[in-house]
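Here is the structure we will look at, set down as structure tokens.
Residue numbers (mature numbering (1 follows the signal peptide of the UniProt record, and there is no 0)): -24 to -1, 1 to 383.
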């Protein structure tokens, strides 16, 4: 924490010392915080199925989390290109823990710290960058699923316009703060294929080199994504992904100990809608198949929807229904979760309007296979018989949460 604060003060001093002609400091961020409790009187415990990569978020988040980001334009050159720096601090702390943001309670991180030279005429409006950066992240909001995420500690060339298409390349050694093995990763992207009115296709190829250890292997992953604008007042995304070896992480660097006989396929389909100013939402469908020669094959299916209807310009009724199912060698695990959340939305009735302040009730149920898997893989979690709900295969939470982002 002291290191982060000192860096923030240093950055502020540098910004104040810059000439007034380059004072273009941008402050943005994200915050979610709240309090919650299980209806049996124990601490709130969130519901996630073992083997599923995500959980449905509404009324099902058990932490305080914030991101604070500063961006400063340093110079604007005669050719119109801009040199800038960007830094972000993130704070995470579990519910019902002292807010130390460290150890078992949580964490304090610097997930972004990079420099960028953007709008370069020599690159037809493209840019150069280097550092630690959130880069080309694609996610589903209601489950917080970053299915295609090329965030990196490295550098690259971004969005070079050639023949109506945008080309990007990034080289990195780590693609997230928690990656164990530094490994050379190359990400290539080409976007801008106009397929139909309002529709655009993008392709990405990731090559992951062999990590510097004896039992490591190379891998690769391919993603094709179609984005349709103006769909029911929102937009639709359809992504197909395939990976081998460490490429089975698909959106991330996977296990570098896996060879090319290990494969993963994924289909992602989701769309936002805002058919009237007061009725919006998001719906998702995910299917992933993992092939593992060691017998750890599994199929994951996730279906969910979050509709929001505004009774007035500042008061919404929001609900979320999600179902996850994982077919593995130990049986078919199932989890269903429902949340109802009366919500105050001071900035308007639209689905994406923030801040939101929510009262919520969440109920979940799961089967015996899910409980067995939780006992083995996540002892003490909500689905395990050593968790907040004991041997029961259902449970519920109530609470209050605020969510806000700004730029």
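By construction, the Cβ of each residue, glycine as well, lies at the ideal position given by its N, Cα and C atoms.
As the structure is a computational prediction, the values presented were derived from the model and not from experiment.
Asked: Beta-carbon spacing of residue 219, residue 208 below 8 Å; Found: no
Asked: Residue of 353, 290, 281 minimising C-alpha distance to residue 306; Found: 353
Asked: N- and C-terminal bounds of the beta strand (DSSP E) containing residue 353; Found: Unbroken run through residue 353 is the alpha helix (DSSP H), 344 to 353; no beta strand (DSSP E).
Asked: Counted within 10 angstroms of its Cβ, other Cβ atoms place residue 33 as buried (16 or more) or exposed; Found: buried
Asked: Per-residue DSSP class, three states only, for residue 224; Found: helix
Asked: Nearest residue (CA-CA) to residue 127, options 201, 166, 87; Found: 87
Asked: Beta-carbon proximity check, residue 280 vs residue 250, cutoff 8 Å; Found: no
Asked: Secondary structure, beta strand (DSSP E): runs of 3+ residues fully inside the stretch 172 to 244; Found: 175 to 184, 195 to 207, 210 to 220
Asked: Beta-carbon contacts of residue 134 that lie in its chain and below 7 Å, excluding the five residues immediately before and after; Found: 102, 103, 105, 144
Asked: Three-state secondary structure assigned by DSSP to residue 98; Found: helix
Asked: Pair within 8 Å by beta-carbon distance, residue 371 and residue 14; Found: yes
Asked: Span of the beta strand (DSSP E), counted from its first residue to its last, around residue 283; Found: 274 to 288
Asked: Cβ pair residue 309, residue 346 closer than 8 Å; Found: yes
Asked: Cβ shell of residue 75 (< 8 Å), same chain only, five flanking positions each side left out; Found: 40, 69, 81, 82
Asked: Ordered list of beta strand (DSSP E) runs contained in the stretch 301 to 378, each at least 3 residues; Found: 307 to 320, 332 to 342
Asked: DSSP state of residue -4 mapped onto helix, strand, coil; Found: Residue placement at residue -4 cannot be trusted, given a pLDDT of 45 that sits under 50; the coordinates are not used to answer.
Asked: Residue 80 - DSSP class collapsed to helix/strand/coil; Found: coil
Asked: Among 224, 286, 313, nearest to residue 323 - alpha-carbon criterion; Found: 286
Asked: Whole-angstrom distance between residue 54 and residue 239, CA atom to CA atom; Found: 50 Å
Asked: Paired residues, beta bridge with residue 125 - DSSP; Found: 113
Asked: Residue 89 vs residue 63 beta-carbon contact at 8 Å; Found: yes
Asked: C-alpha distance - residue 141 paired with residue 262, whole-angstrom precision; Found: 28 Å
Asked: For residue 264 and residue 361, the rounded distance between their alpha carbons; Found: 27 Å
Asked: Euclidean distance between Cα positions of residue 376 and residue 11; Found: 6 Å
Asked: Pair within 8 Å by beta-carbon distance, residue 116 and residue 246; Found: yes
Asked: Residue-chain proximity (residue 296, chain D), Cβ-Cβ < 8 Å; Found: The structure shown contains no chain D; it holds only a single protein chain.
Asked: Cut-off 6 Å between Cβ atoms - residues of its own chain near residue 334, not counting five sequence neighbours on either side; Found: 317, 319, 377
Asked: Beta-carbon spacing of residue 137, residue 100 below 8 Å; Found: yes
Asked: Contact under 8 Å by Cβ, residue 387 with residue 233; Found: A query on residue 387 cannot be resolved here, the shown segment of the chain reaching from -24 to 383 and no further.
Asked: Residue 28 CB to nearest heavy atom of the ligand FAD below 7 Å; Found: Absence of the ligand FAD is noted for the structure shown, with no ligands found whatsoever.
Asked: C-alpha distance - residue 180 paired with residue 198, whole-angstrom precision; Found: 6 Å
Asked: Assumed close pair residue 29, residue 71 - CB separation to whole angstroms, cut-off 8 Å; Found: No, residue 29 and residue 71 are not in contact; Cβ-Cβ is about 22 Å, not under 8 Å.
Asked: Check whether residue 291 and residue 312 have beta carbons under 8 Å apart; Found: no
Asked: Identified DSSP bridge partners for residue 92; Found: 60, 105
Asked: Of the listed residues 156, 154, 160, nearest to residue 148 (C-alpha basis); Found: 160
Asked: Identity of the residue in 5, 301, 124 nearest residue 349 by Cα; Found: 301
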